[in-house]
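I have placed the structure first, in the form of structure tokens, so that the comments after it can refer back to it.
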Amino acid sequence: MTDYLTQLPAELFITICELVYEAKQGPYLAFVSRAFVPVARRLAFRKVTVTQYDHLQALCEVIMASMPVAECIEELNLDMSESRQDAGVPRTAILTSAFRRLTNLYKLGVTSSPRLAKLAVSPAPKSLPSLSALDINDPLDGWANPFDPRNLRHLDNYPLLDNLSLDVDRAADSLGRYRPDPERDPWFGDFEWVGLSGPLSDNPAVSDLLACFGMICQLSLHDESPSDTATLPAVLDQVPEPDYVFVLSLRQTASDPAPLVRALRPYERLEAIEFRRGTWSNAMLPMLQALPSLEDLFFFTGSGLSTDDLRRMMSGATRLEHLKRIYVNVLWWDDDDDVFHGWSSTFSLNGVMALLAVADEAGVQLEGTAIEVARDEQEHLKTCATCRARAGRHG
10 MTDYLTQLPA ELFITICELV YEAKQGPYLA FVSRAFVPVA RRLAFRKVTV TQYDHLQALC
70 EVIMASMPVA ECIEELNLDM SESRQDAGVP RTAILTSAFR RLTNLYKLGV TSSPRLAKLA
130 VSPAPKSLPS LSALDINDPL DGWANPFDPR NLRHLDNYPL LDNLSLDVDR AADSLGRYRP
190 DPERDPWFGD FEWVGLSGPL SDNPAVSDLL ACFGMICQLS LHDESPSDTA TLPAVLDQVP
250 EPDYVFVLSL RQTASDPAPL VRALRPYERL EAIEFRRGTW SNAMLPMLQA LPSLEDLFFF
310 TGSGLSTDDL RRMMSGATRL EHLKRIYVNV LWWDDDDDVF HGWSSTFSLN GVMALLAVAD
370 EAGVQLEGTA IEVARDEQEH LKTCATCRAR AGRHG
């Protein structure tokens, strides 16, 4: 019998497959018609998340048995944070063989598995030839200092890698002795994104690691070293070619943001800055005014933002002329209280509501949870006012 499905236009055929997959019926596509198999396979294996070591073993077996499946996998997330203790499966040889068959994988994430993380940052030749983004979230136990550039010397086996995130959940006092390498090998070249999180300050390995990069376009520095004074300025001073950094994300444990003003001055081409815990001060406004390309600002919980700060960014003598968007996410939801927390005397709901008109006049787009709550409250008040007006007319 003729398979009329193959006669459909390609766009319609793919749309049908995507709709079935989104309805959680993707595994049954192949039982309907052979014509669905290639598209169904791609949808099922394009993004894969593994949370158990035995499941990873099974995935490796499928990859080794079916090259079409291997070619479909584009994103792989190995999250072992809820898994039992690593029993050593799959074996390193099997994982290495499977990685060599993942020719189209461009993004790999590893969480809470030192063995898998070390394999990912020390790849064998010809492993994951298309990988461009590597995200490691692990304490990397067994390495005296995970930021030692020599631990990452084989990253050049990924010829297309230009996006590296290294989140090391280790206490500063757990780091062993670091002996600098005078040759600072390896040399990574230019990167689109580099993210470092963990005990960064007073860690000479971090400065040596940063020196291994050429130009970094987007940089995230989240220092978890306990301190009462600012720690990020010393780290920012070690970044090569700061005037080529376009996006910057900052976090430190100390509530001492003022020293950051000086440290940020060399970053003259910034287009976006993300302020997290301990990094915002209104003393930065004059410095931000001097950034000709600054368009986006992001503020998160612990940044110390006030509604007066937001107003000054959008109006008056301190207005940031080229600013297009401000993202504000300083609230958090409490299921027990059924309410948002994070409001304060300097950052109130009424204060944010008053800023909505200021932003419209300035042509600045306000986004984030706090903004959404303020808009919802504004609409609620308008509805109540309309209802009262109608009730008055009919009273």
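Take the position in the sequence shown, starting the count at 1, then add 9; the result is the number in this note's numbering.
Built from N, CA and C at the ideal position, the CB exists for glycine as well.
Here the structure is a predicted model, which is why all the values come from computation and not from measurement.
Per DSSP, reduced to three states, the secondary structure at K391 is helical. In this model, G198 and D176 are separated by some 21 Å (Cα to Cα). 8 Å or more divides the Cβ of L52 from the Cβ of I82. G351 places its beta carbon 8 Å or farther from that of V337. Per DSSP, the beta bridge partners of D305 are A281, R334.
Note that the C-beta distance between S92 and Q61 is below 8 Å. Non-local beta-carbon contacts of P213 in its own chain, meaning distances under 7 Å to residues more than five positions away in sequence, involve Y187, P189 in chain order.
Per the coordinates, the alpha-carbon of F54 lies some 13 Å from the alpha-carbon of K116.
For the pair L209 and S234, the CB atoms are nearer than the 8 Å cut-off. Cβ-Cβ distances below 6 Å link P158 to D217, L218, C221 in the same chain, with the five nearest sequence neighbours on each side left out; the list follows chain order.
Counting only runs of at least 4 residues, the stretch 231 to 258 fully encloses the following alpha helix (DSSP H) elements, listed from N- to C-terminal order: 241 to 245.
Here F108 carries a helix assignment [DSSP, helix/strand/coil].
If only complete runs of 3 or more residues are kept, the stretch 154 to 218 shows the beta strand (DSSP E) at 172 to 176, 198 to 207, in order along the chain. Membership of K56 in any alpha helix (DSSP H) is not indicated; the residue belongs instead to the beta strand (DSSP E) covering 56 to 59. The C-beta of A299 has fewer than 16 other C-beta atoms within 10 Å across all chains shown, which makes the residue exposed. When the Cα atoms are used, M76 and S174 turn out to be separated by approximately 29 Å. CA-to-CA, the gap between L125 and T58 works out to about 14 Å. Residue range 142 to 146 is occupied by the beta strand (DSSP E) that includes I145. Under the 10 Å beta carbon count, D237 is surrounded by fewer than 16 other beta carbons and is classified as exposed.
By the beta-carbon neighbour count (other beta carbons within 10 angstroms, threshold 16), V98 is exposed. When DSSP states are grouped into helix, strand and coil, E80 belongs to the helix group.
Apart from sequence neighbours up to five positions away, the residues of its chain that approach G360 with a beta-carbon distance below 6 Å are T316, ordered along the chain.
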